[in-house]
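S.K.: Chains as they are written, first to last, in this note's numbering: chain A, 1 to 221; chain B, 1001 to 1117.
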């Protein structure tokens, strides 16, 4: 029964992932990505990783989808037809996949209790954590106590990401640079900026940016 | 469950390659981030698969259960961290996409290249 659920979920995941590639409408692709996350959460339950499953369902299927939808509201939701045929990417992907499949031939069989992964510190956590930490959930005691520094590093990463997002989104509209008639010119973000005192600043910006961008353009062209 | 052999790993590789293909072959930046998420989730499945023990149960102590087999909790802990970090990085990626849309007026890779040449 467990095998059946496992295979069914993996096949559904494969179908969902494949239809995400085929989907031209980004809104539908984001919804399919949410379904993909939810299916993988189901698979995690089958694999005994209940903590991972509810984190994936809440964060992967919930917050991630909301972030993507918020982005789509700002950038539009249609994808253009690619102009070139994807022969090189397809070749790279098939080659990488073949190498990885070759690598799996040495992986110990699935679900065997004598696999090396189960023999280092895992038995210690399973045997001692109830006395040492006093929490029945081993995942919680490892996450919050034995590997507490990992979790602290994780919060540092989240803080850095938060600062990055805030800096990127709080800058407001900036002047746009357009290449026309062989040189770079700066187009003010809005007409209001250009007319009210911002004109001089925009002009300075043009003068500062033009030379370096010009050389960049020259080397590229 | 040993009958499954390597099927899980191969399914993981298929998902991984689907995500990788989306990442390198598609020009739309939002589509690239979706591909990156597919890739990420396939790595999560790989780790969780390695932690599973046949006939085991979730690593939460059962009252009075002496001979209960628990699955390996370490991959679960690692992946819990990875899920949250993954969402943080895709948030940064998506806000970069919004800035690119403001600066270039498009999120298609080839059009951005045409404009900046």
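For glycine and all other residues, C-beta sits at the position ideal for the given N, C-alpha and C.
Against chain B, does residue 62(A) count as a neighbour if the rule is that its beta carbon must be under 7 Å from one of theirs?
M.R.: For the purposes of this step, residue 62(A) is taken as residue 62 along the first chain, with counting starting at 1. Taking Cβ atoms only, chain B never reaches closer than 7 Å to residue 62(A), which makes this a no.
S.K.: State yes or no: is the beta carbon of residue 1056(B) nearer than 7 Å to at least one beta carbon in chain A?
M.R.: In the second chain, residue 1056(B) corresponds to position 56, counting from 1. At least one chain A Cβ lies under 7 Å of residue 1056(B).
S.K.: Pick out whichever of 1026(B), 1103(B), 1106(B), 1107(B) has its Cα sitting closest to the Cα of residue 85(A).
M.R.: What you label residue 85(A) is simply residue 85 of the first chain in a count that begins at 1. Out of 1026(B), 1103(B), 1106(B), 1107(B), 1026(B) has the C-alpha closest to the C-alpha of residue 85(A).
S.K.: How should residue 64(A) be labelled, buried or exposed, when 16 other C-beta atoms within 10 angstroms of its C-beta is the threshold for buried?
M.R.: Within the first chain, residue 64(A) is the residue found at index 64, counting from 1. With 16 or more Cβ atoms within 10 Å of its Cβ, residue 64(A) is classed as buried.
S.K.: In chain B, which residues lie with their C-beta within 7 Å of the C-beta of residue 125(A)?
M.R.: Against the first chain, residue 125(A) aligns to sequence position 125. 1073, listed in chain order.
S.K.: Is the CB of residue 1014(B) under 7 Å away from at least one CB in chain A?
M.R.: As a working mapping, residue 1014(B) is identified with position 14 in the second chain. Judged by the 7 Å Cβ criterion, residue 1014(B) is in contact with chain A.
S.K.: Going by C-alpha distance, which of 60(A), 45(A), 122(A), 46(A) is nearest residue 36(A)?
M.R.: Residue mapping note: residue 36(A) aligns to position 36 of the first chain, counting from 1. Checked all of 60(A), 45(A), 122(A), 46(A); the closest Cα to residue 36(A) is 60(A).
S.K.: Among 1039(B), 1104(B), 1099(B), which one has its Cα closest to the Cα of residue 187(A)?
M.R.: In the first chain, residue 187(A) corresponds to position 187, counting from 1. Nearest option by C-alpha distance: 1104(B).
S.K.: Suppose contacts are defined by Cβ-Cβ distances below 7 Å. Is residue 56(A) in contact with residue 1045(B) by that definition?
M.R.: On the first chain, position 56 is the one that residue 56(A) refers to. On the second chain, position 45 is the one that residue 1045(B) refers to. Contact flag unset, no.
S.K.: Run through DSSP, which three-state label would residue 137(A) get?
M.R.: Counted from its first residue, the first chain places residue 137(A) at position 137. The answer is strand: DSSP assigns residue 137(A) an E or B state.
S.K.: Which one or two residues does DSSP pair with residue 78(A) in a beta bridge?
M.R.: Sequence index remark: in the first chain, residue 78(A) carries index 78 (1-based). Answer is 25(A), bridged to residue 78(A).
S.K.: State the DSSP-derived secondary structure class of residue 18(A), mapped to helix, strand or coil.
M.R.: As a position in the first chain, residue 18(A) is number 18, starting the count at 1. Helix.
S.K.: Roughly how many angstroms lie between the CA atoms of residue 67(A) and residue 1033(B), to the nearest whole one?
M.R.: Here residue 67(A) refers to the residue found at position 67 of the first chain. Here residue 1033(B) refers to the residue found at position 33 of the second chain. Their Cα atoms are separated by approximately 11 Å.
S.K.: Suppose you measure from the CA of residue 185(A) to the CA of residue 1115(B); what does that come to, to the nearest Å?
M.R.: Taking the first chain and counting its residues from 1, one reaches residue 185(A) at position 185. Taking the second chain and counting its residues from 1, one reaches residue 1115(B) at position 115. So the two alpha carbons sit approximately 13 Å from each other.
S.K.: Hey, is residue 1109(B)'s beta-carbon within less than 7 Å of any beta-carbon in chain A?
M.R.: Here residue 1109(B) is taken as the residue at index 109 of the second chain, counted from 1. Chain A contact via Cβ: absent.
S.K.: For the segment 106-121 of chain A and the segment 1065-1078 of chain B, state whether three or more C-beta atom pairs, one from each stretch, are separated by less than 8 Å.
M.R.: Yes: the two stretches touch, three or more of their Cβ pairs being nearer than 8 Å.
S.K.: List the residues of chain A whose Cβ lies closer than 7 Å to the Cβ of residue 1005(B), in chain order.
M.R.: Position 5 of the second chain holds residue 1005(B). Chain A residues near residue 1005(B): 109, 110.
S.K.: Using a Cβ-Cβ distance cut-off of 7 Å, determine whether residue 161(A) contacts chain B.
M.R.: The count along the first chain starts at 1 and reaches residue 161(A) at position 161. By this cut-off, residue 161(A) is an interface position.
S.K.: Around the C-beta of residue 181(A), are 16 or more other C-beta atoms found within 10 angstroms, so that it is buried, or is it exposed?
M.R.: By one-based count along the first chain, residue 181(A) stands at place 181. So residue 181(A) ends up on the exposed side.
S.K.: Quick one: which residues of the segment 1083-1094 of chain B get their C-beta closer than 7 Å to a C-beta of chain A? List them in chain order.
M.R.: Against chain A - using a Cβ distance shorter than 7 Å - the residues of the segment 1083-1094 of chain B are 1083, 1084, 1085, 1087, 1088, 1089, 1090, 1091, 1092, 1094.
S.K.: Counting only beta-carbon separations shorter than 7 Å, does residue 1112(B) have a partner in chain A?
M.R.: Along the second chain, read from residue 1 onward, the residue named residue 1112(B) stands at position 112. Chain A contact via Cβ: absent.
S.K.: Can you tell me the Cα-Cα spacing of residue 1053(B) and residue 23(A), whole angstroms?
M.R.: Indexing the second chain from 1 puts residue 1053(B) at position 53. Indexing the first chain from 1 puts residue 23(A) at position 23. Distance between the alpha carbons of residue 1053(B) and residue 23(A) is about 37 Å.
S.K.: Against chain A, with Cβ distances strictly below 7 Å, would residue 1032(B) count as a contact?
M.R.: By 1-based counting over the second chain, the position of residue 1032(B) is 32. So, not an interface residue.
S.K.: For residue 1053(B), name the three-state secondary structure that DSSP assigns.
M.R.: Along the second chain, read from residue 1 onward, the residue named residue 1053(B) stands at position 53. Three-state DSSP puts residue 1053(B) in coil, outside helix and strand.
S.K.: Determine the DSSP secondary structure at residue 64(A), reduced to helix, strand or coil.
M.R.: Looking up residue 64(A) in the first chain gives position 64. Residue state, collapsed to three classes: helix.
S.K.: Taking 7 Å as the threshold (beta carbon to beta carbon), is residue 12(A) in contact with chain B?
M.R.: Here residue 12(A) corresponds to residue number 12 of the first chain, with the count starting at 1. No, residue 12(A) does not count as interfacial toward chain B.
S.K.: Assuming residue 1099(B) is part of the alpha helix (DSSP H), what are its boundary residues?
M.R.: Counting from one through the second chain, the residue named residue 1099(B) turns up at place 99. It spans 1073-1104 - the alpha helix (DSSP H) in which residue 1099(B) sits, taken as one unbroken run.
S.K.: So residue 158(A) is in the alpha helix (DSSP H); what residue range does that whole segment cover?
M.R.: The count along the first chain starts at 1 and reaches residue 158(A) at position 158. 148-169 is the span of the alpha helix (DSSP H), which, as asked, contains residue 158(A).
S.K.: Taking Cβ positions only, does residue 1060(B) come closer than 7 Å to chain A?
M.R.: Translated into positions along the second chain, residue 1060(B) becomes position 60. Answer yes: the Cβ-Cβ gap between residue 1060(B) and chain A drops below 7 Å somewhere.
S.K.: Inspect the beta-carbon positions of residue 1041(B) and residue 19(A) and report whether they are closer than 7 Å.
M.R.: Position 41 of the second chain, counted from the start, is the residue given in the question as residue 1041(B). Position 19 of the first chain, counted from the start, is the residue given in the question as residue 19(A). Going by C-beta atoms, residue 1041(B) is not nearer than 7 Å to residue 19(A).
S.K.: Given that a residue counts as buried once 16 or more other Cβ atoms are within 10 Å of its Cβ, and exposed if not, what is residue 166(A)?
M.R.: Reading the first chain from its first residue, position 166 is the one you call residue 166(A). Looking at its Cβ environment, which holds fewer than 16 other Cβ atoms inside 10 Å, residue 166(A) is exposed.
S.K.: Using a Cβ-Cβ cutoff of less than 8 Å, which residues in the same chain neighbour residue 1062(B) once the five nearest sequence positions on both sides are dropped?
M.R.: Position 62 of the second chain holds residue 1062(B). Cβ neighbours of residue 1062(B) beyond the five flanking positions: 1068.
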